[in-house]
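Student: A single structure is presented below for examination.
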Amino acid sequence: SSRASTVLSALDIPTTPTELPGVYDGQWKGSGDVLESICPTTGEVLARVKSASPEELSVALEKAREAYKEFRLIPAPRRGELVRQLREALAAKRDELGALVSLEMGKIKTEGVGEVQEFVDICDYAVGLSRMMNGRVVSSERPGHTILEVPNPLGIVAVLSAFNFPVAVYGWNLSISMAAGNATIWKPSPSTPLCSIAVTKIVASVLEKNGLPGAIAGLVTGGKDIGEALVEDRDVEMVSFTGSEAVGRKVGKVVQSRFGKTLLELGGNNASIIMPDADLSLAVPAVFFGSVGTAGQRCTSTRRLYLHRSIAPEFLSRLQGLYGTIRAGDPLATDTLLGPLHTRGALGIYSSAIDQLKAADAEILTGGSRYDEAPLDQGNFVRPTIAIPKTLDPTHEMWATERFAPVLYAAEFDELEQAIEWNNAVPQGLSSSLWTRDLRNVGKWIGPAGSDAGIVNVNVGTSGAEIGAAFGGNKSTGWGRESGGDAWKQYVRWSACTLNFSDEAPLAQGVSFDA
Ligand code: NAD
20 SSRASTVLSA LDIPTTPTEL PGVYDGQWKG SGDVLESICP TTGEVLARVK
70 SASPEELSVA LEKAREAYKE FRLIPAPRRG ELVRQLREAL AAKRDELGAL
120 VSLEMGKIKT EGVGEVQEFV DICDYAVGLS RMMNGRVVSS ERPGHTILEV
170 PNPLGIVAVL SAFNFPVAVY GWNLSISMAA GNATIWKPSP STPLCSIAVT
220 KIVASVLEKN GLPGAIAGLV TGGKDIGEAL VEDRDVEMVS FTGSEAVGRK
270 VGKVVQSRFG KTLLELGGNN ASIIMPDADL SLAVPAVFFG SVGTAGQRCT
320 STRRLYLHRS IAPEFLSRLQ GLYGTIRAGD PLATDTLLGP LHTRGALGIY
370 SSAIDQLKAA DAEILTGGSR YDEAPLDQGN FVRPTIAIPK TLDPTHEMWA
420 TERFAPVLYA AEFDELEQAI EWNNAVPQGL SSSLWTRDLR NVGKWIGPAG
470 SDAGIVNVNV GTSGAEIGAA FGGNKSTGWG RESGGDAWKQ YVRWSACTLN
520 FSDEAPLAQG VSFDA
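One point on numbering: in the UniProt record's numbering, the residue at position 306 of the sequence shown is 325, and numbering is uninterrupted.
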């Protein structure tokens with residue numbers, strides 16, 4: 020369609036129905052299975068992409084190893100200068116790349132552009148970091164000795180990413196991995212190959228301009244098989260995996276069994292708790308964005324809503340009012356609030372959630388069905404849903420499972436302690452949000468008996484984090500932390516280097532071993 024070709028040609032992606040090479044290791048190639056990029060809005064095939072064959076993956080890893088050997092010798096601040104150039108190149112294509120995210124993934128344009136902005140932001144952060152990735156000088160107990168804690172690059176970092184953030188997740192990893200001096204190899208979601216090709220082209224152009232090997236930032240598109248092969252490979256020092264709990268559990272075990280490093284960013288099942296003193300004019304729109312934004316396909320989407328009994332009816336009626344304003348349509352159109360689910364398969368996730376609710380006699384306040392009128396019937400459009408399940412058991416499968424669709428489960432509580440217990444009773448621990456103006460509630464919420472999630476917000480929704488703070492979740496979300504904070508420390512290997520400047524060679528702890 021002309022809609023698609025406008026977006027693709029702005030990023031130099033051929034629009035004729037040829038098969039695009041989906042592997043980059045310094046050169047573009049691809050002779051594995053053909054992946055189809057399908058537009059979730061119209062159902063049209065946007066492109067066919069030739070993914071990596073097992074041999075191409077091996078070659079890409081060899082090239083990455085060679086590239087690493089060169090790259091690790093470049094001083095960190097100079098690597099930061101490369102990241103700065105990457106930032107500029109990305110910012111120059113912010114709008115075009117954002118449009119591609121909307122076209123291929125299905126999120127609305129402002130969120131697509133926001134995702135590219137996040138990549139730009141984390142590049143800024145990594146540029147700064149490149150002059151601050153410092154070790155420490157430790158005072159030794161032995162006279163004339165000093166201990167240095169020294170960070171050095173790790174080697175090869177593999178990034179396996181999910182469909183829902185087809186640009187930003189790679190950005191969080193690449194920018195910091197690059198500043199740290201690693202070669203990075205990306206296996207994106209098989210359903211968003213065009214985003215990964217467009218990003219890799221931009222990164223490759225920066226490396227090329229600086230006369231550096233392209234395999235510093237390689238790309239291997241592919242599905243489960245290529246993902247498995249990459250994760251199993253002993254040549255990959257760290258696997259940074261973003262995706263579902265089910266796949267993350269397998270990936271974690273495989274990498275652990277070969278004693279590699281992992282960084283896991285898995286599913287979320289995030290709750291918002293609304294206290295009686297909450298400012299509803301802020302809380303209601305925040306829950307609306309949290310549950311409906313990205314059509315409920317963010318790892319931080321609001322999936323559970325715990326309302327204090329005294330404000331529950333008013334809150335729900337105002338929230339339903341906002342649900343009534345949802346404009347579903349082409350995510351590229353500026354007035355659209357709700358795009359499609361990403362795949363046909365996701366329709367099944369949505370409808371099975373609805374079927375389960377109905378079978379359990381839940382009250383469905385709004386939603387519960389697909390949009391089946393033209394033109395929305397061409398895409399994967401579903402009505403965002405608010406449901407009140409009969410069961411309050413927080414460990415019941417209905418409450419305890421992440422369903423990657425816009426379905427919000429609501430319940431009433433009487434005491435904050437009860438709501439916190441429910442918040443914490445699920446396996447996942449990514450994001451959480453409390454709405455209150457009472458400082459005592461805030462103290463409980465962020466303290467030792469409070470939320471056990473990695474993201475614990477107050478008067479801020481569950482969704483939408485900034486890159487300056489560590490991002491990630493606890494428990495079955497995988498304990499990984501990306502961006503901000505001290506995340507860079509995972510992308511390096513640490514050495515404790517004891518230096519002896521003295522004329523003696525004493526043992527530590529006063530141990531004597533005289534012959
Ligand atoms: P997914 O687990 O299906 O796929 C993630 C990646 O793993 C893809 O690249 C996929 O090809 C690959 N893969 C599949 N099987 C594999 C295997 N056996 N070995 C190695 N790799 C394999 O996830 P998805 O459906 O693309 O994404 C949605 C999920 O991602 C949700 O659960 C969401 O919460 C999660 N997510 C988490 C975060 C976070 O930061 N915590 C961010 C975004 C998405």
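Every residue, glycine too, gets a C-beta built ideally from N, C-alpha and C. Note that the structure is a prediction, hence the values are computed from the model and not measured.
1. Note the first and the last residue of the continuous alpha helix (DSSP H) segment covering Trp-191.
2. Give, in chain order, every unbroken run of the beta strand (DSSP E) that is at least 3 residues long and sits entirely within the segment 263 to 339.
3. I'd like the span of the alpha helix (DSSP H) that includes Trp-205, first residue to last.
4. For the segment 226 to 254, which segments carrying the beta strand (DSSP E) assignment without a break, of at least 3 residues, lie completely within its bounds, in sequence order?
5. Using 6 Å as the cut-off, classify the Cβ of Gly-246 as near or not near the heavy atoms of the ligand NAD, replying yes or no.
6. The beta strand (DSSP E) with Cys-516 in it runs from where to where?
7. Evaluate the contact criterion for the segment 421 to 437 versus the segment 309 to 316: three or more CB pairs, one atom per stretch, below 8 Å.
8. State the Cα-Cα distance for the pair Gly-200 and Ala-352, rounded to the nearest angstrom.
9. On a CA-only basis, which of Leu-122, Ala-86, Ala-198, Thr-61 is nearest Pro-94? Give me that one, please.
10. Which one of Ala-177, Val-157, Lys-112, Ser-121 has the shortest CA to CA distance from Val-218?
11. Is it the case that the segment 165 to 181 contacts the segment 253 to 263, given that we only count it when at least three CB pairs across the two stretches are under 8 Å?
12. Alpha carbon to alpha carbon, how far is Asn-153 from Lys-409?
13. Taking the continuous beta strand (DSSP E) assigned at Arg-155, which residues delimit it?
14. Below 8 Å on the Cβ atoms is my guess for Asp-31 versus Lys-220; work out the distance and round it to an integer in Å.
15. Between Ala-181 and the ligand NAD, is the CB less than 6 Å from at least one heavy atom?
16. Taking Leu-122 and Leu-65 to be in contact with their CB atoms under 8 Å, please state how far apart those CB atoms are, rounded to whole angstroms.
17. So is the beta-carbon of Gly-284 under 6 Å away from any non-hydrogen atom of the ligand NAD?
18. From Leu-449 to Asp-252, what does the alpha carbon distance come to, in whole angstroms?
19. Use the C-beta contact count for Pro-207: other C-beta atoms within 10 angstroms, 16 or more gives buried, fewer gives exposed.
20. Return the Cβ separation of Trp-464 and Ile-486 in integer angstroms, given the expectation that the two are a contact with Cβ distance under 8 Å.
21. Could you have a look at Gly-448 and say whether DSSP puts it in helix, strand or coil?
22. In terms of residues, what are the limits of the beta strand (DSSP E) holding Pro-59?
23. Val-139 and Leu-109: beta carbons closer than 7 Å?
24. For the beta strand (DSSP E) that contains Leu-179, what are its first and last residues?
25. How many whole angstroms separate the CB atoms of Trp-454 and Asn-478, which I take to be in contact at a CB cut-off of 8 Å?
26. Between Gln-136 and the ligand GDP, is there a pair consisting of the residue's CB and a ligand heavy atom that are separated by less than 6 Å?
27. Take Thr-240 as the anchor and find which of Leu-376, Pro-170, Ser-70 has the nearest alpha-carbon.
28. Are the CB atoms of Gly-242 and Pro-212 within a distance shorter than 7 Å?
29. Give the DSSP bridge partners of His-164, in chain order.
30. May I ask you to list the residues that DSSP assigns as paired with residue 4?
31. Among Gln-46, Pro-33, Val-511, which has the Cα closest to the Cα of Gly-279?
32. Take every Cβ of the segment 460 to 474, pair it with every Cβ of the segment 489 to 498, and state whether three or more of those distances are shorter than 8 Å.
33. Take Gly-386 and list the residues in its own chain whose beta-carbon comes closer than 6 Å to its own, dropping the five residues that flank it on each side.
34. Tell me, please, whether the segment 518 to 527 touches the segment 148 to 165 by the rule of three or more beta-carbon pairs shorter than 8 Å.
35. Is the CB-CB distance between Tyr-325 and Ala-372 below 7 Å?
36. Going by DSSP, name the residue or residues bridged to Ile-407.
Tutor: In terms of the structure at hand:
1. 187 to 198
2. 280 to 284, 289 to 293, 321 to 327
3. Trp-205 -> not in any alpha helix (DSSP H); beta strand (DSSP E) instead, spanning 202 to 206.
4. 236 to 239
5. yes
6. 511 to 519
7. yes
8. 40 Å
9. Ala-198
10. Lys-112
11. yes
12. 54 Å
13. 155 to 158
14. 7 Å
15. yes
16. 7 Å
17. The question names Gly, yet the displayed sequence has Glu at residue 284. Glu-284: yes, Cβ under 6 Å from the ligand NAD.
18. 29 Å
19. buried
20. That pair is no contact at about 24 Å.
21. strand
22. Segment: none, Pro-59 is in no beta strand (DSSP E) and carries neither H nor E.
23. yes
24. 175 to 179
25. 6 Å
26. No copy of the ligand GDP appears in this structure; the ligands present are the ligand NAD.
27. Ser-70
28. no
29. Asn-519
30. Residue 4 is absent from the structure shown; the chain starts at 20 and stops at 534.
31. Val-511
32. yes
33. Arg-402, Pro-403, Thr-404
34. yes
35. no
36. Glu-382
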